[in-house]
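In what follows, a single structure is set out as structure tokens and then discussed.
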Amino acid sequence: MRRIIVTGATSYIAIALIKRLLAEGYLIYAVIRPGSANRVKLPQSARLHILELNMDQYFALSTMELGEIDAVYHFAWDGVRGQSRTDDALQLNNIECAKQLLEVVCQCKIPCFIGMGSQAEYGLTGGRLITEDTPLNPVESYGMAKKSIFLHGMEQAGRYELNFVWARIFSAYGYGESPNTLIMSSLAKMLRGEDIKLSPCEHLWDYLYLEDLAEALYLLYEAHCPTGAYNISYGCPRPLKYYLEKMKEIFHSHSRLEFGAIPYGPNIVQMNPSIGKIQSAALWSPKIDFETGIQKLYEDVKNGYEKDKHISTDL
13 MRRIIVTGAT
23 SYIAIALIKR
33 LLAEGYLIYA
43 VIRPGSANRV
53 KLPQSARLHI
63 LELNMDQYFA
73 LSTMELGEID
83 AVYHFAWDGV
93 RGQSRTDDAL
103 QLNNIECAKQ
113 LLEVVCQCKI
123 PCFIGMGSQA
133 EYGLTGGRLI
143 TEDTPLNPVE
153 SYGMAKKSIF
163 LHGMEQAGRY
173 ELNFVWARIF
183 SAYGYGESPN
193 TLIMSSLAKM
203 LRGEDIKLSP
213 CEHLWDYLYL
223 EDLAEALYLL
233 YEAHCPTGAY
243 NISYGCPRPL
253 KYYLEKMKEI
263 FHSHSRLEFG
273 AIPYGPNIVQ
283 MNPSIGKIQS
293 AALWSPKIDF
303 ETGIQKLYED
313 VKNGYEKDKH
323 ISTDL
């Protein structure tokens, strides 16, 4: 039975991946913060074991009797939204904790490390096609920190027998994500019929549904993808306003979309990702278009995702 460590295991993306891994018979060590209130979000399974560690305690993993670990998925990261993305001290701590985890992986000779990168590493691309060879020019501390760990991991892969895989996630959506994201906050307002103040929303965006993302992350390990970075997105960018207009249409909402009510800020992020590398290496392609995904999200929100009932995923 293959054994996987997942840090930051209560994030909505990590939970989706854990469910996918459990369905394939993996044994999971889910690393969460001590006393985390989100512990109840994890699926129930005899093959899921919870380890309570703060991010600066990852060295303790090397002293635990966990058996032979096949891979580590690293999700844990503070300051992924809002003003905390520009908090230098917070992002520096993320770097140090991730480096500590990588040191444990190398010392324990764990063969594969899969880290969560971000489109923020590319910075402002002006709508140009973004491949994994596009120069990394992040403009905020969050993207700089992700870039730092990518470069460090690539260096470690060259020094040790380590398959270092870096998943550059562009923009995902699905049940369980923060209510403060554009998708979730707009969904709530549309269902209430509230007007929504927005930027012009003319810049390119590319949304990927959660189930497709979890499958991509699963295949990065299962398909033995070589060391390096992989863009993960839907691969069909559209102006951001398209998604909001489509949501309003699907929900039959009376909300007014007030495009231009909020001016653009100084840094306009545009997403035009190439996903050819992961398509080739993992034989993965997204299956759920935005119209289908947003309808699934709507149904999940309306039903409370079976009222957040956690049914055993044991097969």
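According to my numbering, the residues represented by the sequence shown are 13 to 327, in order. The beta carbon of each residue, even a glycine, is placed where N, CA and C say it ideally should be.
Residue i to residue j span [Cα, whole Å]
i, j, result
"Q119", "I306", "43 angstroms"
"L256", "I195", "8 angstroms"
"K321", "A49", "Note on K321: pLDDT 49, under 50, position unreliable in the model; the coordinate value appears next. Cα-Cα distance, rounded: 16 angstroms."
"E133", "D100", "15 angstroms"
"K299", "F71", "39 angstroms"
"L73", "K253", "45 angstroms"
"L225", "C124", "19 angstroms"
"A235", "D301", "24 angstroms"
"I323", "T22", "Its pLDDT being 43, under 50, I323 is placed unreliably in this model, and the value from its coordinates should be taken loosely. Distance between the alpha carbons of I323 and T22: 16 angstroms."
"A351", "F271", "No answer is possible for residue 351: it lies beyond the span of the chain, which begins at 13 and ends at 327."
"S198", "Y310", "11 angstroms"
"D326", "R32", "Low confidence applies to D326: its pLDDT is 49, below 50, so where it sits in the model is not reliable, and the reading given next is rough at best. In a straight line, the C-alpha of D326 is about 11 angstroms away from that of R32."
"I159", "E108", "Position check: residue 159 holds Lys in this sequence, whereas Ile was assumed. Those two C-alpha atoms are separated by around 13 angstroms."
Per DSSP, the bridge partner or partners of residue i
i, result
"S183", "Y219"
"L60", "I40"
"M128", "A179"
"D87", "It is Phe, not Asp, that sits at residue 87 in the sequence shown. Answer by DSSP bridge pairing: none, since F87 is not bridged."
"L269", "I208"
Reduced DSSP category for residue i - H, G, I as helix; E, B as strand; rest coil
i, result
"E108", "helix"
"V313", "helix"
"A235", "coil"
"N243", "strand"
"I17", "strand"
"K70", "For the sequence presented, residue 70 should be read as Tyr rather than Lys. Y70: helix per DSSP, three-state reduction."
"R32", "helix"
Short Cβ contact (7 angstroms threshold) for residue i with residue j
i, j, result
"K289", "Y219", "no"
"A179", "N106", "no"
"D90", "L102", "yes"
"G165", "L222", "no"
"A169", "T98", "no"
"A83", "M67", "no"
"L29", "L229", "yes"
"P212", "S245", "no"
"G188", "Y24", "yes"
Any non-hydrogen atom of the ligand MG within 6 angstroms of residue i CB
i, result
"K308", "Questions concerning the ligand MG fall outside what the structure shown contains, since it holds no ligand whatsoever."
Min CB distance residue i to chain B below 7 angstroms
i, result
"L225", "No chain B is part of this structure, which consists of one protein chain only."
Point to revise | Any 3 or more C-beta pairs closer than 8 angstroms across the region 264-280 and the region 309-317 | key: no
Exercise for review: Assess, as a yes-or-no matter, whether the region 52-70 is touched by the region 33-42 under the definition of 3 or more beta carbon pairs within less than 8 angstroms.
Suggested key: yes
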